[in-house]
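Residue numbers (my numbering): 702 to 951. Beta carbons are placed, not taken as given, at the ideal position from N, Cα and C, and that holds for glycine. These notes concern the structure reproduced below.
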């Protein structure tokens, strides 16, 4: 299996991509129609969006050890995140993306390069559990505290929350708004959890037939996920705008 591509991972990535496209198409429809249904703006829409992002982030961390040039990959993904940020700032400043999921995936991939010699000394199960604990502890850094709600909470100092650069770390300035926001804290720990899950599971599954499972359309999408991520939203938004202009949606 080491010389063969794990098609199951591509298929799962393709499934997540289709799910994300459906989510963004729903968002575009709601935005263009001027509607705000409760199911989307409250719990169900939130859980849908979070499920998609968790899948992408965990998969990216899991696949990191399978990559060959981590520096080039990390810089490419991070650079694509900067492109998304720049384009949205120009096209729709009121709905700009500051530090979206691509910025997170690229930054986490780059951080793993110096951290990996240390991480390799940590058993996979311990590392995965510790990463998820750190994720839970820093989950609310955006709101000014660390801890686990309902158990304990420690307020963070105000001086951490300065500008757009500190926002990337997880400490956004007052009044910060982004339509897609995934800072390093807490999300890099979810990426690290994926890395440790690979360490924990890969030796047991790398020779199995399960990893060869493929749904060709989804596998094809998953193998081109970065390109499709970059272009799917303009295409969907443009098509949706045209349909509204033509009166298809009334």
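Using 8 Å as the threshold, is the segment 748-759 in touch with the segment 712-719, meaning 3 or more CB pairs across them? Here the segment 748-759 lies against the segment 712-719, with 3 or more beta-carbon pairs under 8 Å apart.
Along the beta strand (DSSP E) that carries residue 853, what are the first and last residues, could you check? Annotation: the continuous beta strand (DSSP E) that includes residue 853 extends over 853-856.
Same chain, Cβ closer than 6 Å to residue 766, five either side skipped, listed in chain order: Contacts found: 899.
Residue closest to residue 860, alpha-carbon to alpha-carbon, out of 873, 852, 850: Residue 873 is the option with its Cα nearest to residue 860.
Short check: CB of residue 892 to CB of residue 709, under 8 Å? For residue 892 and residue 709, no; Cβs fall outside 8 Å.
Count the CB pairs spanning the segment 851-865 and the segment 781-793 that are closer than 8 Å, and state whether there are at least three. A contact is defined here as three or more CB-CB pairs under 8 Å, and the segment 851-865 fails this definition with respect to the segment 781-793.
Count the other CB atoms within 10 Å of the CB of residue 946; is the residue buried (16 or more) or exposed (fewer)? Residue 946 should be labelled exposed.
Write down the C-beta distance between residue 870 and residue 885 rounded to the nearest angstrom, noting that I regard them as a contact closer than 8 Å. The C-beta distance from residue 870 to residue 885 rounds to 5 Å, short enough to meet the 8 Å contact threshold.
Are the beta-carbon atoms of residue 938 and residue 729 separated by less than 8 Å? Yes, they are a contact pair.
Have a look at 811, 740, 895, 732 and flag the residue whose alpha-carbon is nearest the alpha-carbon of residue 836. Shortest Cα-Cα distance from residue 836 to any of 811, 740, 895, 732 involves 895.
Run through DSSP, which three-state label would residue 847 get? In the structure shown, residue 847 adopts extended strand secondary structure according to DSSP, grouped into three states.
Residue 841 in three-state terms, based on DSSP: In the structure shown, residue 841 falls within a coil segment according to DSSP collapsed to helix, strand and coil.
How far does the alpha helix (DSSP H) with residue 949 in it extend, from its first residue to its last? Element bounds for residue 949: n/a, residue is neither H nor E.
Let me know the secondary structure DSSP gives residue 702 once reduced to three states. Bear in mind that a pLDDT of 41 at residue 702, under 50, signals an unreliable position, so the number given afterwards is only what the model happens to contain. Three-state DSSP puts residue 702 in coil, outside helix and strand.
Rounded straight-line distance, which links the Cα of residue 769 to that of residue 820: Residue 820 and residue 769: Cα-Cα distance of roughly 18 Å.
Using only the alpha-carbon positions, how far apart do residue 948 and residue 737 sit? Going from the Cα of residue 948 to the Cα of residue 737 covers about 20 Å.
What is the DSSP secondary structure of residue 724, reduced to helix, strand or coil? Helix.
Between residue 707 and the rest of its own chain, which residues show a CB-CB distance below 6 Å, the 5 nearest in sequence each way excluded? Excluding residues within five positions, the ones whose Cβ falls inside 6 Å are 912.
Taking all protein chains shown into account, do 16 or more other C-beta atoms lie within 10 angstroms of the C-beta of residue 703, making it buried, or fewer, making it exposed? Only weak support is given to the placement of residue 703: the predicted model assigns it a pLDDT of 41, under 50, and the value that follows is read from those uncertain coordinates. Residue 703 is exposed by the Cβ-count criterion.
For the segment 824-843 against the segment 771-779, do three or more pairs of beta-carbon atoms, one drawn from each stretch, fall closer than 8 Å, so that the two count as touching? The count of Cβ pairs closer than 8 Å, one atom from the segment 824-843 and one from the segment 771-779, stays below three, leaving the stretches out of contact.
Since residue 781 is in the alpha helix (DSSP H), which residue starts that stretch and which ends it? Taken as a continuous stretch (DSSP letters only), the alpha helix (DSSP H) holding residue 781 covers 771-792.
From residue 845 to residue 839, what distance separates their C-alpha atoms? Taking the straight line joining both Cα atoms gives about 10 Å.
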